[in-house]
Amino acid sequence: MDLRHLQTFKVIAETGSFVQAAERLQYAQSTLTLQIQQLEAELGVELFDRQRRKIQLTAAGHTLLIHTQHVLNQVEQMQQDLSDLAAGESGTLRVGMIEPIAHLYLMQVMCTFRERHPRIRLTIEILSTNRTHEQLIANQIDLGISTPPPANVGLIFEPILTETPVLLLPKNHSLLQQDEILLSDLCAECLLLTDPPCAYRTAIEQAFMARGLPLAIGIEIGSLEIIKQAVQQGMGVAIMPKLATYHIPDDTVIQHIKDWKLHMPLGLITREVPLPQSKAVQAFSSLFKQAAADA
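Okay, here's the thing in structure tokens:
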């Protein structure tokens, strides 16, 4: 069934005149007559009583008008929804990011995005680096914010900042008495590390391995915030991203490791093939880049 025929039928029913309907629709009257004839033939019923001076709907015409109004309203709503989706003004945006980035920037970005795009439903997941990459590849999130993904997996990385690791110690730790702290000084310490796989955990392990140093793992904890609290309680020391130390607990101190310089890029990760929500992704990404630049 042609939607144009239904639209023509609706206008004729509203005006009660083929002539007025033709003027409103900017069609020749013969075109309208042909469309209604085709519609009646398709449905097997007469839609208008043409015996009177002003045409009127038959019983079948009244029934069709009710359904036509519903169908055309649904089509109009569908077109509007698709237009909003294409413009990035509706739908769902799924974002996955690592914990340090989330704690530092998420609330600011999320509030601004919500204010500017109230019809977009946001889903935020705090993930490990590897899980961020995996969920992007599996189409479970639309945007990732973490360290770079593996090569040749269909993802694009745009760096927004560079991260460096720092050492978090209890304020009375003996290492604070030294003029400088080396990686080898940590061999005998109880190290509090995130669960594998984690980009920071991997970088720490590789640094110790490259120097032939033993890595004494004391406790594995899946949250950097809990690790900071554990350091505060004197349970061990922690090597963590500097971003994660924007707020450290009382009785803890940040130090640098003299002989280990790591520069780890953090950024936005999207798919090579744009998605229907690409404009929403761009809007969220722009806010994140601005927040990082202003920090």
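Those letters in the sequence shown? Residues 8 to 302, per our numbering, in order.
Using N, Cα and C, we set each Cβ at its ideal position, and we do this for glycine too.
Computed from a predicted model, the values in this text were never measured in an experiment.
Subject >> Range of the contiguous beta strand (DSSP E) that encloses T259 >> reply: 259-262
Original post:
Counting pairs of beta carbons, one from the stretch 145-162 and one from the stretch 239-254, are three or more of them closer than 8 Å?
Top reply: no
Original post:
Per DSSP, V116 is paired with what?
Top reply: Answer is none; V116 lacks a bridge partner.
Original post:
Between which two residues does the alpha helix (DSSP H) containing L39 stretch?
Top reply: 36-50
**OP:** Kindly indicate which residue of R57, S24, S230, Q45 has the alpha-carbon position closest to the one of L134.
**Re:** S230
Subject >> Presumed contact (8 Å Cβ cut-off) between A287 and L100, rounded CB distance >> reply: 5 Å
Original post:
In chain order, which beta strand (DSSP E) runs of at least 3 residues are fully inside the stretch 162-231?
Top reply: 162-170, 172-177, 198-200, 224-227
Original post:
For L294, which three-state DSSP category applies?
Top reply: helix
Original post:
Cα separation between T201 and R138?
Top reply: 14 Å
**OP:** Compare the C-alpha of G225 against each of A210, C194, Q289, Q213 and name the closest.
**Re:** C194
Subject >> Beta-bridge pairing of S153 - partner residues as DSSP gives them >> reply: G274
Subject >> Identity of the residues DSSP links to Q101 by a beta bridge >> reply: The sequence given here has Arg at residue 101, not Gln. DSSP lists T130 as partners of R101.
**OP:** Select from H12, V78, K17, H254 the residue whose C-alpha is nearest the C-alpha of E49.
**Re:** H12
Subject >> Distance between H270 and I127 (C-alpha atoms, nearest Å) >> reply: 35 Å
Original post:
Where DSSP assigns a beta bridge to P248, which residues make up the other side?
Top reply: P172
Subject >> Local Cβ density within 10 Å of S37, reported as buried at 16 or more and exposed below that >> reply: exposed
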